[in-house]
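In terms of this note's numbering, the sequence shown opens at residue 2 and continues consecutively. Beta carbons: idealized from backbone N, C-alpha and C, even for Gly. The structure appears below as structure tokens.
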Amino acid sequence: MAVVVENSGGERGTLLLAHDGGLVARRRYEVRGQRHEALGDLPLTAPNPPAPAPFVLLALRSGRPLSSDDLSQEQRFARDPYVRTRNPRSAAVVPLVYRGEALGALYVENNLTTAAFTTARVEMTRLIALQAAIAVKHALFLAHADAARAAAESANLAKSRFLANMSHELRTPLNAILGYAELVREAAADAGAAGLDEDLGRIVQSGEHLLGIIGDVLDLTKIESDQLEVAHERVDVAAVLHEAAMIAEPALRARGNRLILAISAESGRILGDAQRLRQVALALLDNAGKFTEAGVVTLRALPLADAVEIVVEDTGVGMTEAVQAEIFAPFVQADTSPTRIYGGAGLGLTICKGICERMGGTITLRSRLGAGTTVTVRLPAALP
Ligand SMILES: Nc1ncnc2c1ncn2[C@@H]1O[C@H](COP(=O)(O)OP(=O)(O)OP(=O)(O)O)[C@@H](O)[C@H]1O
Ligand SMILES: [Mg+2]
Numbered sequence: 002m003a004v005v006v007e008n009s010g011g012e013r014g015t016l017l018l019a020h021d022g023g024l025v026a027r028r029r030y031e032v033r034g035q036r037h038e039a040l041g042d043l044p045l046t047a048p049n050p051p052a053p054a055p056f057v058l059l060a061l062r063s064g065r066p067l068s069s070d071d072l073s074q075e076q077r078f079a080r081d082p083y084v085r086t087r088n089p090r091s092a093a094v095v096p097l098v099y100r101g102e103a104l105g106a107l108y109v110e111n112n113l114t115t116a117a118f119t120t121a122r123v124e125m126t127r128l129i130a131l132q133a134a135i136a137v138k139h140a141l142f143l144a145h146a147d148a149a150r151a152a153a154e155s156a157n158l159a160k161s162r163f164l165a166n167m168s169h170e171l172r173t174p175l176n177a178i179l180g181y182a183e184l185v186r187e188a189a190a191d192a193g194a195a196g197l198d199e200d201l202g203r204i205v206q207s208g209e210h211l212l213g214i215i216g217d218v219l220d221l222t223k224i225e226s227d228q229l230e231v232a233h234e235r236v237d238v239a240a241v242l243h244e245a246a247m248i249a250e251p252a253l254r255a256r257g258n259r260l261i262l263a264i265s266a267e268s269g270r271i272l273g274d275a276q277r278l279r280q281v282a283l284a285l286l287d288n289a290g291k292f293t294e295a296g297v298v299t300l301r302a303l304p305l306a307d308a309v310e311i312v313v314e315d316t317g318v319g320m321t322e323a324v325q326a327e328i329f330a331p332f333v334q335a336d337t338s339p340t341r342i343y344g345g346a347g348l349g350l351t352i353c354k355g356i357c358e359r360m361g362g363t364i365t366l367r368s369r370l371g372a373g374t375t376v377t378v379r380l381p382a383a384l385p
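If you want it as structure tokens, here you go:
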């Protein structure tokens, strides 16, 4: 504003911006005292207008600068409230246009003298206004981006809260279903109705599966809101991995896979959470088994100088580079077609990453389509 007004030969200038189909005054600059004033987006059509509206609009309509040697003497503006109260003498308007888009206008005036805005001065102001329009456009863009980000953050928070509440609400009745199904199963066995056992077993199995998914959603909300809590204890990595392998093996076998364990007894200890480590190992073994058929899944663990490295490798379907790039984001899956054959919510890897990072470690994935996938977890060792 200072540059424009001082170079135009004006005494004071007002920045008007397009807003809701009209114009509002954003800022004013006075050369005397070099004073900036925020005008709080006062509409050009307000009862006490910030600039001579008909004069400004005339310039905007033509898209070209407009100047008057003595605005107070021009008959056509005599009834304008601004002109009547301020009696402006020299006045000029320069539209702010960025790539054909009307962003607003600069209004300058000089009440000390008539004919202050010569053709040369107006041309000079027009050139500066070209630069000013770019600056205004950038400033507006940043303001929009800020507002959009704030809106997205608040929507995300609402989503997290909803998911956390929902998971909790779903869990309570589901636990009741599971409990009663077990009771009925026992009662059926006692009553000699063995024929029901298989069906009741399916109810329990499906319920537990659902409980697992709900647990994953809850974990995701904790990770996204940075509220995942992990214990900070000495964990025997080899013991935890053997346990996970035992749990995962039946499902792996069912798809004709062989599980190879290369877990050095001296895999080392980490300072972390045994439960969560088991959860990570299970999720990775689940993926390896799910995306591999009649292949080999290898679970490796070895101590490094100040870390423990855990690797889950498979000879399965693998994935493309493009999929790999986003695979740790929530809900991302290689196959999103309605005919997809693999189950899952797309949360496993996201949760693994959250847990590993919470324990001060990292997780990386390497894969080749059709050849297999290797996931490497590295967790800081608990040094003796
Ligand atoms: N070992 C793997 N081999 C091939 N693709 C994999 C492997 N692990 C993960 N993927 C791909 O990454 C996607 C995301 O995996 P992630 O474990 O996060 O979710 P999911 O297994 O689909 O569902 P969930 O783990 O929630 O049950 C999978 O859907 C699959 O496309
Ligand atoms: Mg998974």
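Among the options, whose alpha-carbon lies nearest the alpha-carbon of residue i?
i: Ala382; options: Asp274, Gly202 and Glu294; result: Asp274
i: Ile350; options: Asp217, Leu242 and Arg85; result: The amino acid at residue 350 is misidentified as Ile; the sequence shows Leu. Nearest option by C-alpha distance: Asp217.
i: His139; options: Leu380, Ser91, Leu104 and Ser168; result: Leu104
i: Glu124; options: Pro66, Ala60 and Ile364; result: Pro66
i: Leu286; options: Glu250, Thr321 and Ile271; result: Glu250
i: His169; options: Leu211, Asp191 and Ala302; result: Leu211
i: Gly296; options: Ala372, Ala159 and Asp81; result: Ala372
i: Arg259; options: Phe292, Ile224, Val298 and Met247; result: Val298
i: Ala136; options: Lys160, Val98 and Val109; result: Val98
i: Lys223; options: Arg90, Leu58 and Arg162; result: Arg162
i: Val236; options: Arg270, Glu244 and Ala263; result: Arg270
i: Ile129; options: Leu45, Gly10, Phe56 and Glu183; result: Gly10
i: Gly402; options: Ile215, Leu61 and Val324; result: Given that the chain is displayed from residue 2 to residue 385, the structure contains no residue 402 and the question cannot be resolved.
i: Ala263; options: Arg277, Ala246 and Gly64; result: Ala246
i: Arg301; options: Val4, Leu229, Thr375 and Gly361; result: Thr375
i: Tyr30; options: Glu199, Ala19, Asn8 and Ala121; result: Asn8
Quick one: is residue i buried, meaning 16 or more other Cβ sit within 10 Å of its Cβ, or exposed?
i: Ala117; result: buried
i: Ser368; result: buried
i: Gly1; result: Outside the displayed range of the chain (2 to 385) lies residue 1, so it cannot be described from this structure.
i: Arg203; result: exposed
i: Pro96; result: buried
i: Asp315; result: buried
i: Gln74; result: exposed
i: Leu305; result: exposed
i: Asp227; result: exposed
i: Phe254; result: Contrary to the premise, residue 254 reads as Arg rather than Phe in this sequence. The residue in question, Arg254, is exposed, as its Cβ has fewer than 16 Cβ neighbours within 10 Å.
i: Tyr343; result: exposed
i: Arg77; result: exposed
i: Gln280; result: buried
i: Arg150; result: exposed
i: Asn166; result: exposed
i: Val4; result: exposed
i: Arg36; result: exposed
Tell me the residue span of the beta strand (DSSP E) that contains residue i.
i: Arg127; result: No beta strand (DSSP E) holds Arg127; the alpha helix (DSSP H) holding it covers Thr120 to Asp191.
i: Pro44; result: Arg36 to Pro44
i: Ile271; result: Arg270 to Gly273
i: Gly392; result: Residue 392 is absent from the model: the chain starts at 2 and stops at 385.
i: Ile364; result: Thr363 to Arg369
i: Ser338; result: Neither: Ser338 is in no beta strand (DSSP E) and is coded neither H nor E.
i: Ala26; result: Gly23 to Glu31
i: Thr293; result: First-last for Thr293: undefined, no H or E at that position.
Give a yes or no on whether the minimum CB-CB distance between residue i and chain C is below 9 Å.
i: Ala245; result: Looking for chain C here will not work: only one protein chain is present.
Residue i lies in the alpha helix (DSSP H); which residues open and close that run?
i: Ser63; result: Ala54 to Ser63
i: Gly355; result: Gly349 to Arg359
i: Ala326; result: Glu322 to Glu327
i: Glu7; result: Ala3 to Ser9
Check your understanding: Counting only runs that start and end within the segment 226–267, where is the beta strand (DSSP E) found for 3 or more residues in a row?
Key -> 234–237 and 259–264
Check your understanding: Can you list, in chain order, the stretches of the beta strand (DSSP E) that have 3 or more residues and sit fully within the segment 85–123?
Key -> 91–99 and 102–111
**Study point:** Residues proximal to ligand 2 by C-beta, any heavy atom closer than 6 Å
**Key:** Ala284, Asp287, Asn288, Gly345 and Gly349
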